[in-house]
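Asker: Protein chains in written order, with the working numbering: chain A, 8 to 498; chain B, 8 to 498; chain C, 8 to 498; chain D, 8 to 498.
Protein chains: 4
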Amino acid sequence: MPIRSADEYIASLRNRKLRVYLFGERVEEPVDHPVIRPSINAIAETYRLAEEDPELASATSSLSGQRVNRFLHVTESVNDVVMQNRMQRRLGQRTGTCFQRCVGMDATNALYSVTYDIDKTHGTPYHERFRSFVQHMQRENFVVGGAMTDVKGDRSKAPHEQADPDLFVHVVERRPDGVVIRGAKAHQTGCINSHWLLVMPTMRLSAADRDYAISAAVPVDHPNVLYIYGRQSCDSRALEGGEIDQGNAQFGGQEALIVFEDVFVPYTHVFMDGETEFAASLVERFTAYHRRSYVCKTGLGDVLIGAAATIADYNGASQASHVRDKLVEMAHLNETIYGAGIAASHESKPTSAGNYQCDDMLANVCKHNVTRFPYEIARLAQDLAGGLMVTLPSDADFDSQVTGPILRKYMATRPEVSVDNRRRVLRLIENMTLGRNAVGYLTESMHGAGSPQAQRIQIQRLMQLPQKKLLAQKLAGVSEGGTDKPDERTR
Amino acid sequence: MPIRSADEYIASLRNRKLRVYLFGERVEEPVDHPVIRPSINAIAETYRLAEEDPELASATSSLSGQRVNRFLHVTESVNDVVMQNRMQRRLGQRTGTCFQRCVGMDATNALYSVTYDIDKTHGTPYHERFRSFVQHMQRENFVVGGAMTDVKGDRSKAPHEQADPDLFVHVVERRPDGVVIRGAKAHQTGCINSHWLLVMPTMRLSAADRDYAISAAVPVDHPNVLYIYGRQSCDSRALEGGEIDQGNAQFGGQEALIVFEDVFVPYTHVFMDGETEFAASLVERFTAYHRRSYVCKTGLGDVLIGAAATIADYNGASQASHVRDKLVEMAHLNETIYGAGIAASHESKPTSAGNYQCDDMLANVCKHNVTRFPYEIARLAQDLAGGLMVTLPSDADFDSQVTGPILRKYMATRPEVSVDNRRRVLRLIENMTLGRNAVGYLTESMHGAGSPQAQRIQIQRLMQLPQKKLLAQKLAGVSEGGTDKPDERTR
Amino acid sequence: MPIRSADEYIASLRNRKLRVYLFGERVEEPVDHPVIRPSINAIAETYRLAEEDPELASATSSLSGQRVNRFLHVTESVNDVVMQNRMQRRLGQRTGTCFQRCVGMDATNALYSVTYDIDKTHGTPYHERFRSFVQHMQRENFVVGGAMTDVKGDRSKAPHEQADPDLFVHVVERRPDGVVIRGAKAHQTGCINSHWLLVMPTMRLSAADRDYAISAAVPVDHPNVLYIYGRQSCDSRALEGGEIDQGNAQFGGQEALIVFEDVFVPYTHVFMDGETEFAASLVERFTAYHRRSYVCKTGLGDVLIGAAATIADYNGASQASHVRDKLVEMAHLNETIYGAGIAASHESKPTSAGNYQCDDMLANVCKHNVTRFPYEIARLAQDLAGGLMVTLPSDADFDSQVTGPILRKYMATRPEVSVDNRRRVLRLIENMTLGRNAVGYLTESMHGAGSPQAQRIQIQRLMQLPQKKLLAQKLAGVSEGGTDKPDERTR
Amino acid sequence: MPIRSADEYIASLRNRKLRVYLFGERVEEPVDHPVIRPSINAIAETYRLAEEDPELASATSSLSGQRVNRFLHVTESVNDVVMQNRMQRRLGQRTGTCFQRCVGMDATNALYSVTYDIDKTHGTPYHERFRSFVQHMQRENFVVGGAMTDVKGDRSKAPHEQADPDLFVHVVERRPDGVVIRGAKAHQTGCINSHWLLVMPTMRLSAADRDYAISAAVPVDHPNVLYIYGRQSCDSRALEGGEIDQGNAQFGGQEALIVFEDVFVPYTHVFMDGETEFAASLVERFTAYHRRSYVCKTGLGDVLIGAAATIADYNGASQASHVRDKLVEMAHLNETIYGAGIAASHESKPTSAGNYQCDDMLANVCKHNVTRFPYEIARLAQDLAGGLMVTLPSDADFDSQVTGPILRKYMATRPEVSVDNRRRVLRLIENMTLGRNAVGYLTESMHGAGSPQAQRIQIQRLMQLPQKKLLAQKLAGVSEGGTDKPDERTR
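1. Could you check how far apart the C-beta atoms of A191 of chain A and V158 of chain A are, in whole angstroms? I think they sit under 8 Å.
2. Secondary structure at I47 of chain C, three-state DSSP: helix, strand or coil?
3. What distance in whole Å lies between the Cβ atoms of A350 of chain D and H353 of chain C, which are believed to be in contact at a cut-off of 8 Å?
4. Any chance the segment 317-331 of chain C sits against the segment 98-114 of chain C, with 3 or more Cβ pairs inside 8 Å?
5. T490 of chain A CB to nearest chain D CB: under 8 Å?
6. Hey, out of A:A403, A:T358, A:P412, A:G237, whose CA is closest to F30 of chain C's CA?
7. Please tell me whether H339 of chain A has its Cβ less than 8 Å away from any Cβ of chain D.
8. Mapping the DSSP letters down to three states, classify K333 of chain B as helix, strand or coil.
9. Under a three-way DSSP split, which group does D228 of chain A fall into?
10. Exposed or buried, what is P166 of chain D when buried is set at 16 or more other beta-carbons lying within 10 Å of its beta-carbon?
11. Since A360 of chain B and H134 of chain B are thought to touch, with beta carbons under 8 Å apart, how far apart are those beta carbons, to the nearest angstrom?
12. With the cut-off set at 8 Å, would you say C373 of chain C and Y296 of chain C are in Cβ contact?
13. Quick check on I221 of chain B: does DSSP put it in helix, strand or coil?
14. Which residue or residues does DSSP assign as beta-bridge partners of H177 of chain D?
15. Around the C-beta of G484 of chain C, are 16 or more other C-beta atoms found within 10 angstroms, so that it is buried, or is it exposed?
16. Whole angstroms are fine: how far does the CA of G313 of chain A sit from the CA of T490 of chain B?
17. Shorter than 8 Å from the beta carbon of K127 of chain B to some beta carbon of chain D?
18. Find the residues of chain A that neighbour L472 of chain B, judging by a C-beta separation of less than 9 Å, and give them in chain order.
19. Quick check: what's the CA-CA separation for D228 of chain D versus E336 of chain D?
20. Since S328 of chain B meets chain C, which of its residues come closer than 7 Å, beta carbon to beta carbon?
21. Residues of chain B with CB closer than 8 Å to the CB of K475 of chain A, please, in chain order.
22. What do you reckon, are the CB atoms on L433 of chain B and A385 of chain B nearer than 8 Å?
23. Tell me which same chain residues have a C-beta within less than 7 Å of the C-beta of P9 of chain D, skipping the five on either side of it?
24. Which runs of the beta strand (DSSP E) spanning at least 3 residues fall entirely within the segment 40-91 of chain B, listed in chain order?
25. Could you give the distance in angstroms between the alpha-carbon of Y219 of chain B and the alpha-carbon of F175 of chain B?
26. For L79 of chain C and G197 of chain C, I'd like the C-alpha separation in whole angstroms.
27. Quick one: is V302 of chain D near chain C, going by C-beta distance under 8 Å?
28. If you measure from the beta carbon of T398 of chain B to each beta carbon in chain D, is any gap under 8 Å?
29. For A338 of chain C and I235 of chain B, what's the separation of their Cα atoms in angstroms?
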């Protein structure tokens, strides 16, 4: 029976006997662990939004012929790609963190067209298998996670050149009915909160890396899969009992190391196996989608702008011209990110397989701004918050009978502002600029979907420099060597 | 007979006996004046592109039922708005300057819906008159210029409060068959190269400014209209005879002061007269369109990037990592502008009148980036150009029998690079960063369609701060005073 | 007997029976508390440096005639001011955090000249009292902390207008032999680790605020003084037992709320009492000194640049041109801060009292850059660190027999790089950009010694705009109204 | 008889029969050429300032034992280096342009110590010769220009590898009494306005480049020296007759190509001849001095800030908060440049020869900011100026009886503001951001004393990365491989 609600989603995660390790110990039930639960709540919002606003967060799939969560939808129109961005921004606004489902959505759309292309070249059956897999996910309304980023070892060496061959996930055995894979994928978003994982190669491969050209679906609860939880700034505040110091007690992100300890995958779930020449296009299509998916951060930006405006109100500073100007600057930067992202989606084109692929240049430009502007927005939020954001005593001090009354006396500002609300908003800003969700709002903005230099390399490839030179040469009246007619399709 | 080509356009401008003053003298025939001609050539490209690429630069209008130049088209779909941006970028690439027709296009689209709204309220016949006017323009394939920015006098005073009432264009007499207007419009782009001008109020007006709430069409060659040409950096190089020093000898922009010396306008050409409460919405719809029209500057950016890349080649520096990185940065900034602009167009919505209006926030964000990024792109272009850009001797020195050979000996770089081509590219970069077209690429990018602070005010209005505060308060767990449900339609 | 070493300093803090509260409980012995101890270690370095490099970190005082720690020295020359900056940078390099003694040093130098000026006007005995106090501190080699920033309540109201008069520290009783003060000072750096506190008013005061114009020395262990510790990002990692996850296990900063619960101060320790007209100059002289003291952050910048370079080495990326370029940019920004700061010190002038006061404009410029550049340096450090910085499992996971070996297998990079060293450097970058010392490197850089807008207001006051206008008007040939001769002493 | 005044300086330039070419023709008398004269006026200010403020602009030289213009002074103390910066800023304020004498001053100080070092190694007599030369210059109170930057040809080849050996200045003949040099130096500041030129090699040389390792003094009026004037943006406005359109009619910069057509130099004026291994240190010492000399641009910045503030006044916008904020930002950036520059001077150290050399790192940091901040200051000035800056009609239009009255009617703002003053200030801003002095304020700021990448390379060399790594490793607790004690002298 498919998952029909946020609550059913949470219930579906129980009793899976996952091997999850955190703070040196195996976690009995991740759903009930206070550090993990906020990340589950964040994904649950993707179900809740689909219930509350089906237009925004679900779509009718011609694959399964049914209404499906938009995260499971293979795009059938430009509007489908655009709607992903709208949904992502809304979820960012609702959770103030990473809601973890974009990797799966983007991997699904990238694999959909790449499997088609492989089959055209090699006569393989990957596309049909993949369609069946997606139909299955849609029917059950599952969460699909991705598993792309290998741990990589010595970055100056190819996968097959590493001292330890396991430093990239690879096939260690081929059986009549399937393959066995080994290796680890680093900092995988939301993996423990998913039902299935889509394993993909992490980069361009050469023929010598054949065993590394593997793409496959693996159930999260496969017994040979091990998860080691990554720690986040201030993660242990969730263990303290208080609520306010957490800043955003309800929602958080999740990243973990996934270790594949010789996992058997039947061929029905294998979508690439050895076709090294398609690794690059899989990575490129996925990252094009995924770099534009970082529009989600504008939803977090909305929250942070709102928090900064609120604390300025509480401090009685909201009418100061410099405060208003800083809020405008924050909004301007936030919308600049949104503009490039939504433009990339609007400029989508159909693939050979029939789904829609966003504009590569604009997607890279969007993500590249995401590696810069959230840091500046965060800086401005800290400016408006004031120093108390980092010197506020703890929940326990406010709860103490000795220090609580003293703190409430001295932390008062205007009579209509409650000291606790002031604390709550300061802690939210701390949470998003230094604490748990700063991981998602800042560092993940920097490195997720590729570090800044990866975007610059892609922009360099896409910027059509020869045509731009011809444009200039024509206007300058350069004759010799400039006889070619400029191809004016330069963006 | 309608204008059918670029050449016919140029011919149509002859013998109009305009009263144009430049460098203290009346210009006999603007078409033949070396300072003015490049600006005419730039508009001529809008005709040439419509011939060469009708898909891009023309459209079928349901108003006149015929194929019309896109600059004369009332948008009938989202795609029509998007195509404007594509055409603008292309024309920026082809001319490297301001091609001057966007004001008319954007004014046409703004007046189309505002006249409709006025009529709904006041039962006036403006919309039908305006449709007739547009049909006329389409049939003749004319250039329509705008005339919005008043000279403004003391900026702390309203129009009716000025010491001299003429400091804003206003109605000085009402006759049975029309009105008489007086005043001046400052720095009007391409006005002398147009056939008709659309006069519009420059800002929000109060009831006391009734006579200033005037919108009307005036033929450019009306005998009571006087034009005083604005001078541009390096304008007189066009008078020197040489070609290379001009940088871009073929194309330039144009801005002039238009003086209305008691111009009679028959009512058939009056589209607003006294409805002060609609002045603000006319200005806002026009600027929303027009701020997004600054996507044209990405076409100029393409040229400047190409010029910078070419000069790096000529200097033998194109493989230096810092050179490549600067080119990538220039492209990234350029595409960031494009992203927000094209997104504003993609997010257009229909007006009550049926045409399409772009997204206001993204249009402002686009323009606000235009007030910043071209300056940085220009700075990087100067970095790559090297100091010779500003110390190169003149055309005459290169043509001189004494100094020419010496200069050619010492300005040589690599054998395959001609010294003249090197000069041409350096002069193009000078032209776009200091010279005539720096006016269009930089200062007009700053102030055209409203100075930076105008965008910030508009962003502040549109940024939905109350909803953003609620988003933050909800996540922070703020209770008191935060009981309102956040309206999640926050962008 | 004076304190003679870092160890003796630490010993001197024991058994003081301070009333310090942290995490809701009274701290038995701050010296032994794992959260507090790193901040004590940081101050101890100021003693250690004076031992190891007396030229740098001590000076001969003509007040006491003896060699004293430079933090206790009243400047007697320009070089004395410059040497403060050199010492501050070195200590930043040694500790990677805030070493907390600058407030006392700067307060001492500000009070030295302001007490002199008050006495000149009012015939009061403050200066002599203050000299005696400083001599006492020098003889004992004590740590002097400052206590300036009031909690402020409703920021739109003056001290005497607050609903609760205690929201600014003030005199509640005057006795024959001294005064009684009440109130609280917020986020006071290093207060618990000091021996004496210098209480000062927080801002410009009017005559009605007479009771708030109080400056006095109070022993840290006065029984009526209460301390409530401010919590920092990731503070509780110090309680976990592991060392690596702390990032910088040895050193940290400290900020606490100081509550004066009717503290009696004998007149010998009162240095201002009611002279409201001198509050502004005390604040201005202090902040001029203190804004330039933020040169300390360039020492932290050195550490962070070194950490980023190290992790690039470990990842095998140190030869990538973009990596080198980012390191250069970090150094450039860091040295830009240093330049303005050391320039402010070099441009010091003697006060009437004979000590030296740094240049106000350059000090503000230094601090204003400190509110911007460390954020950008931190962003670049996160760029070079890679995403693992925020997804690395905990110390306990690495220590676990189950997960430890797996983690060590998969976190390996180049054979010569130990996984633990890689973790250590990543955790240090986390510590300085998100964790405990991000408080000092980022948020304190933003708000310490005044928030950004405070510097802008001061720059506006000091920028000599009328003279600048005259310079321009003279060159432009403006005649009327511009007859004044420009005072060319414009900076 | 020495030059004793600005007027005598100008007189000293007459009748020298220089071979100067401009706009394709030989200039009869440069002193009277309207394009050249403003650049002469700018240097004349260096004499005038020495008269009016001898403390600032002159010094007592122990070489000649007399009071000499500071531009001719070999620094004898740290204060001498600092005073150069103060003088430079003042002259920037007085002229609003490049006053052209810094190259000679910085070359003198660099050659002073390098000749000393060469002599120590090679037993050559360069230092004594050079002292005699300087004494001669001081006695006559001459202007000394530099001549360093070669035209360079193919940048991927060393001097001796060029197709044409003359693309770097070199010795073509050695005679018993001197050498003959040939080649050209590009964009040489103020050369025609000087009395003597100091020829120096342009870059690091290898042994194979022996003939290129030549430093010598050449009289400007040597018959075998030819000058070809570089054209500047808007240069021909000086030929138009009007004053206002020039923006800054009195002062301008000068850059020209110097061609050495087999110039004989007696050995008394040869200061390096073949000692290739000292070319690098000559270049480095010169550029260290010269990069810090760009503090002059803060004087231009003062003028531009003043102009922007004036135009805001004229427009009635000076109280708008965004206007004040932009002026503060301009001042902040300007003072940031000043801080690093003056700090470099304050941190000077004596050379072996006894004169003082500024701090290399801070000098590079200063110049690197000069390649960025003037562009941003100029952008903000254009923001405050408004669009009229680039659309204002010409002087002739304002002088015309037809258009003059109309323009004066419509360009009026507040009654107390004269339209001509408004024009003057707008034209000054145009002059400094697009026109003649934009060359000095912007492009020369970019490339003078080395392009941005040259500073980055030098910063990379000086940033002591190994020590910084050790600082980080120590705090992180890195053990293996990190056993070296960190050298804490890291800046």
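Ideal Cβ positions, reconstructed from N, Cα and C, are used throughout, including at glycine. The structure displayed is predicted, hence computed values, not measured ones.
Answerer: According to the data block:
1. What you label residue 191 of chain A is simply residue 184 of the first sequence in a count that begins at 1. What you label residue 158 of chain A is simply residue 151 of the first sequence in a count that begins at 1. That pair is a contact at about 5 Å.
2. Reading the third sequence from its first residue, position 40 is the one you call residue 47 of chain C. The answer is helix: DSSP assigns I47 of chain C an H, G or I state.
3. Locating residue 353 of chain C in the third sequence gives position 346, counting from the first residue. Locating residue 350 of chain D in the fourth sequence gives position 343, counting from the first residue. Between A350 of chain D and H353 of chain C the Cβ distance is about 7 Å, and since that is below 8 Å, they are a contact.
4. no
5. Mapped onto the first sequence, residue 490 of chain A falls at position 483. For T490 of chain A, the predicted model reports a pLDDT of 40, less than 50, meaning its position is unreliable; a value from the coordinates is still stated below. Cβ-Cβ to chain D under 8 Å: no for T490 of chain A.
6. On the third sequence, residue 30 of chain C is found 23 positions in, with the first residue counted as 1. Looking at the Cα atoms, A:A403 is the closest of the given residues.
7. Walking along the first sequence from the start, residue 339 of chain A turns up at place 332. Chain D contact via Cβ: absent.
8. Stepping through the second sequence from its first residue, residue 333 of chain B is reached at position 326. In this structure, K333 of chain B counts as helix in the three-state DSSP scheme.
9. Taking the first residue of the first sequence as position 1, residue 228 of chain A is located at position 221. Coil.
10. On the fourth sequence, position 159 is the one that residue 166 of chain D refers to. That one is buried.
11. Here residue 360 of chain B refers to the residue found at position 353 of the second sequence. Here residue 134 of chain B refers to the residue found at position 127 of the second sequence. Between H134 of chain B and A360 of chain B the Cβ distance is about 7 Å, and since that is below 8 Å, they are a contact.
12. Counting from one through the third sequence, the residue named residue 373 of chain C turns up at place 366. Counting from one through the third sequence, the residue named residue 296 of chain C turns up at place 289. Cβ distance not < 8 Å, so C373 of chain C and Y296 of chain C don't count as in contact.
13. Position 214 of the second sequence, counted from the first residue, corresponds to residue 221 of chain B. If DSSP states are grouped into helix, strand and coil, I221 of chain B belongs with the strands.
14. Walking along the fourth sequence from the start, residue 177 of chain D turns up at place 170. Paired residues: D:R189.
15. Sequence index remark: in the third sequence, residue 484 of chain C carries index 477 (1-based). The residue is buried, with at least 16 neighbouring Cβ atoms inside 10 Å.
16. As a position in the second sequence, residue 490 of chain B is number 483, starting the count at 1. As a position in the first sequence, residue 313 of chain A is number 306, starting the count at 1. Below a pLDDT of 50, predicted positions are generally treated as unreliable, and T490 of chain B, at 40, falls in that range; no measurement from the model is reported.
17. In the second sequence, the residue the question calls residue 127 of chain B occupies position 120. Output row for K127 of chain B: interface = no.
18. Counting from one through the second sequence, the residue named residue 472 of chain B turns up at place 465. Here the neighbours are I312, G313, A316, L334, A338.
19. As a position in the fourth sequence, residue 228 of chain D is number 221, starting the count at 1. As a position in the fourth sequence, residue 336 of chain D is number 329, starting the count at 1. Cα-Cα distance, rounded: 46 Å.
20. On the second sequence, residue 328 of chain B is found 321 positions in, with the first residue counted as 1. In chain order: S328.
21. As a first step, residue 475 of chain A must be located in the first sequence, where it is residue number 468. Simply D309, V310, I312, G313, A316.
22. Position 426 of the second sequence, counted from the start, is the residue given in the question as residue 433 of chain B. Position 378 of the second sequence, counted from the start, is the residue given in the question as residue 385 of chain B. Against a cut-off of 8 Å, the Cβ pair of A385 of chain B and L433 of chain B comes out as no contact.
23. Here residue 9 of chain D is taken as the residue at index 2 of the fourth sequence, counted from 1. So the list reads R146, E147, N148, once near-sequence residues are dropped.
24. 65-67, 74-76
25. For the purposes of this step, residue 219 of chain B is taken as residue 212 along the second sequence, with counting starting at 1. For the purposes of this step, residue 175 of chain B is taken as residue 168 along the second sequence, with counting starting at 1. Answer to the nearest angstrom: the Cα atoms are 7 Å apart.
26. Translated into the one-based positions of the third sequence, residue 79 of chain C becomes position 72. Translated into the one-based positions of the third sequence, residue 197 of chain C becomes position 190. Going by the C-alpha atoms only, they are around 15 Å apart.
27. Here residue 302 of chain D corresponds to residue number 295 of the fourth sequence, with the count starting at 1. Closer than 8 Å: no.
28. Taking the first residue of the second sequence as 1, we reach residue 398 of chain B at position 391. Judged by the 8 Å Cβ criterion, T398 of chain B is in contact with chain D.
29. As a position in the third sequence, residue 338 of chain C is number 331, starting the count at 1. As a position in the second sequence, residue 235 of chain B is number 228, starting the count at 1. Between A338 of chain C and I235 of chain B, the C-alpha separation is close to 52 Å.
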